[in-house]
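As structure tokens, the structure follows; a few thoughts come after it.
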Amino acid sequence: MGTTDTQETKPPGRSAVLLALRHYALELRRQRALAVPALLLPALGNIGIRYVGPLLVAKLAGQAADERGLSLGRAAPYIIGFGLTLLLAEVLWRIGVHCLNRVEARGMEHLYVRGMDELLAKDPAFFHDNFAGSLTKRVLSYGKRFEDVVDTLLWNVLGNLVPLLFGAVVLWLYEPLLVVGLVLMITCTATAAVPLIRRRQRIVNDREAAIARVSGHVADSLTNMETIRAFGAEDREAGEHRERVAESRRLTLRSWD
1 MGTTDTQETK
11 PPGRSAVLLA
21 LRHYALELRR
31 QRALAVPALL
41 LPALGNIGIR
51 YVGPLLVAKL
61 AGQAADERGL
71 SLGRAAPYII
81 GFGLTLLLAE
91 VLWRIGVHCL
101 NRVEARGMEH
111 LYVRGMDELL
121 AKDPAFFHDN
131 FAGSLTKRVL
141 SYGKRFEDVV
151 DTLLWNVLGN
161 LVPLLFGAVV
171 LWLYEPLLVV
181 GLVLMITCTA
191 TAAVPLIRRR
201 QRIVNDREAA
211 IARVSGHVAD
221 SLTNMETIRA
231 FGAEDREAGE
241 HRERVAESRR
251 LTLRSWD
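Printed below as a string of structure tokens:
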């Protein structure tokens, strides 16, 4: 339905992605009282689980291996310290996730409202050139993607980077060359990963554009159902819908793979 599908098939450009990320950063800044503990406390909890706990176990093993052997009095500080470390890490996690839930919920609410305000401010000609369903999908994705971005920043970036910095400090105390080797390996990994990340982003853009086309066609067909039935075009619309869904499935599988 419609002759403006060319405009709808264009995937979001790099500038659109950067603009959305800029809006998300402003949203985090607006909620910084909650965003800071939400992003940092789980990372600090990871330090306790991944590094401090194993270091205490290593110290305990060292006590057991020395000449004096292991007694309850010598082992107790390490056992208690291990338990308290894991307990504190869990507390930090829970506080961080509590703040995270509120940052994401309030952020999505604000972005949903902002997206609607932007649509209401558009010129009427804008709506002649865009499917209602596609616009709906994009506005909802604009708000929903805030959750995905914040989750990625927390669990995949800061959740790993902060513990790595702590680990680098510990390694430096043992042997500085180990830290140099760690930095070189991380640099090589990042250099190899960046082109793959950019390529996947292009695939994800294609997938989102295909999903928007499906949403747009369904909404447009429902809006014009009387016209479709008047011209007996149900089979044509159903066939076009199947084609769009198949293309969406193909691109979705490609992005997942």
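Each residue of the sequence shown is one higher than the one before, starting from 1 at the first, in my numbering.
The C-beta atom is built at its ideal place from N, Cα and C for all residues, glycine as well.
Just so it is clear, the structure is predicted and the values come from calculations on it, not from any experiment.
- Linking aspartate 129 to arginine 213 through their CA atoms gives a straight-line distance of about 13 Å.
- Inter-segment contact for the region 120 to 138 and the region 203 to 218 is present: three or more beta-carbon pairs are separated by less than 8 Å.
- Around the beta carbon of methionine 108, 16 or more other beta carbons sit within 10 angstroms, so the residue counts as buried.
- Scanning the region 40 to 82 from its first residue to its last, the whole alpha helix (DSSP H) runs of 4-plus residues come out as 53 to 65.
- In the DSSP annotation of this structure, the continuous segment of the alpha helix (DSSP H) that includes phenylalanine 127 starts and ends at 124 to 128.
- Between cysteine 99 and alanine 61, the C-beta gap is not smaller than 7 Å, which leaves the two residues out of contact.
- Burial state of glutamate 243 is exposed, judged by a 10 Å Cβ sphere holding fewer than 16 other Cβ atoms.
- The beta-carbon separation of glutamate 247 and alanine 210, rounded to 5 Å, stays under the 8 Å limit for a contact.
- Contact check for tyrosine 51 against valine 149 fails: the beta carbons are separated by 7 Å or more.
- If you check the CB distance, glutamate 147 and glutamate 104 come in under 7 Å.
- Collapsing the DSSP output to three states places alanine 121 in coil.
- About 7 Å separates the Cβ atoms of leucine 158 and leucine 40, confirming a contact at the 8 Å cut-off.
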